[in-house]
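> Take this structure first; my questions come after.
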Amino acid sequence: MDRLIKICGLSTPETLDAALASGADLVGFVRFAKSPRHVDLDTGRTLSHQAKGRAQRVVLLVDPDDAAIAEAIEALDPDMLQLHGAETPTRVAAIRARFGRPVLKAIGVADAGDLATAADYAGIADYLLLDAKPPRTGDALPGGNGLPFDWTLLAGLDPALAFMLSGGLEPQNVAEAIRLARPDAVDVSSGVESRPGIKDPDRIEAFIRAARAAFAASPIEK
Ligand SMILES: O=C(O)c1ccccc1N[C@@H]1O[C@H](COP(=O)(O)O)[C@@H](O)[C@H]1O
Numbered sequence: 066m067d068r069l070i071k072i073c074g075l076s077t078p079e080t081l082d083a084a085l086a087s088g089a090d091l092v093g094f095v096r097f098a099k100s101p102r103h104v105d106l107d108t109g110r111t112l113s114h115q116a117k118g119r120a121q122r123v124v125l126l127v128d129p130d131d132a133a134i135a136e137a138i139e140a141l142d143p144d145m146l147q148l149h150g151a152e153t154p155t156r157v158a159a160i161r162a163r164f165g166r167p168v169l170k171a172i173g174v175a176d177a178g179d180l181a182t183a184a185d186y187a188g189i190a191d192y193l194l195l196d197a198k199p200p201r202t203g204d205a206l207p208g209g210n211g212l213p214f215d216w217t218l219l220a221g222l223d224p225a226l227a228f229m230l231s232g233g234l235e236p237q238n239v240a241e242a243i244r245l246a247r248p249d250a251v252d253v254s255s256g257v258e259s260r261p262g263i264k265d266p267d268r269i270e271a272f273i274r275a276a277r278a279a280f281a282a283s284p285i286e287k
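Here's what the structure looks like:
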């Protein structure tokens with residue numbers, strides 16, 4: 066994972082095309098019914114086919130059982146699975162072994178103690194995604210809430226640990242996030258929307274441009 070940009074929660078051909086034309090490295094499709102970005106299997110199949118060969122296709126699932134993973138793989142044929150629930154290291158290992166797709170495991174970060182949790186998945190998940198821990202309100206999603214966390218916490222992270230950063234990123238703050246957190250990759254959903262679930266092509270293009278420039282200005286050695 067090297068200086069990659071992921072646009073998540075794409076749900077229409079037009080906004081997916083905006084992400085691909087702007088140079089997104091990864092595009093994400095959400096399979097979580099409570100999300101305003103949820104795609105049904107037929108829509109996901111069509112979108113994934115549109116992106117094939119142009120970007121890595123990621124299916125986002127939350128605490129999925131094996132049947133939910135199997136149907137998502139059958140329909141979307143993703144290059145990667147993003148697990149965004151409370152999946153344990155044991156469960157992540159089992160999913161990798163059974164389905165043979167690389168796994169991006171999301172970890173909620175609110176304080177330094179959460180970074181120890183991230184270390185538990187090193188060598189088990191293929192990639193780690195450090196995201197803001199969701200608020201404890203009843204209607205909060207497990208992710209995709211558009212909330213950042215304190216990026217300076219990541220100064221305490223093992224420099225050898227490669228990770229993707231998400232949580233409240235947007236065109237205006239992604240350069241600062243990259244400068245402070247020094248991630249290997251960034252991921253955005255809410256910050257490139259005009260309202261929840263509605264992606265904005267201009268914001269997608271602005272995000273990718275800002276992230277590319279910030280990565281170029283902030284080389285990392287791992
Ligand atoms: O986007 C969603 O609806 C979503 C639902 C359930 C779990 C995760 C979700 N999104 C992921 O959350 C992070 C941060 O998103 P945001 O940029 O703060 O809106 C990102 O990885 C999304 O892929």
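For the sequence shown, this note's numbering puts the final residue at 287, and the numbers step up evenly by one.
No residue lacks a Cβ here, since even glycine has one placed at the ideal position from N, Cα and C.
Is there contact here, the region 102-119 with the region 269-286, by at least three beta-carbon pairs under 8 Å?
Contact fails: fewer than three Cβ-Cβ distances are below 8 Å.
> Residues in its own chain within less than 8 Å of Ala175 by CB, not counting five upstream and five downstream?
If we look at Ala175 and ignore the five residues flanking it on each side, its Cβ neighbours are Ala197, Lys198, Phe214.
> Using a Cβ-based criterion (distance less than 8 Å to any ligand heavy atom), does Phe164 qualify as near ligand 1?
No, Cβ of Phe164 sits at least 8 Å from all heavy atoms of ligand 1.
> Count the other CB atoms, across all protein chains shown, that sit within 10 Å of the CB of Ser100; report buried if there are 16 or more and exposed otherwise.
Looking at its Cβ environment, which holds 16 or more other Cβ atoms inside 10 Å, Ser100 is buried.
> Answer yes or no: do Leu230 and Pro248 have a C-beta to C-beta separation smaller than 9 Å?
Cβ distance < 9 Å, so Leu230 and Pro248 count as in contact.
> For the beta strand (DSSP E) that contains Phe94, what are its first and last residues?
That run of the beta strand (DSSP E) goes 91-96.
> Cβ-heavy atom distance between Gln121 and ligand 1 below 8 Å?
Answer for Gln121: no, Cβ out of range of ligand 1.
> Please list, in chain order, all residues of the same chain as Arg268 whose beta carbon is under 8 Å from its beta carbon, the five residues on each side excluded.
For Arg268, where only same-chain residues beyond five positions count, the Cβ hits under 8 Å are Glu235, Pro236, Gly256, Val257, Glu258, Ser259.
> Report yes if the CB atom of Val168 is closer than 9 Å to the CB atom of Leu195, and no otherwise.
Going by C-beta atoms, Val168 is not nearer than 9 Å to Leu195.
> Please list the terminal residues of the continuous beta strand (DSSP E) segment that includes Ser51.
As displayed, the chain neither begins before 66 nor continues past 287, which places residue 51 out of reach and without an answer.
> Could you pull the DSSP bridge partners for Val124 from this structure?
BP columns for Val124 point to Phe94, Leu146.
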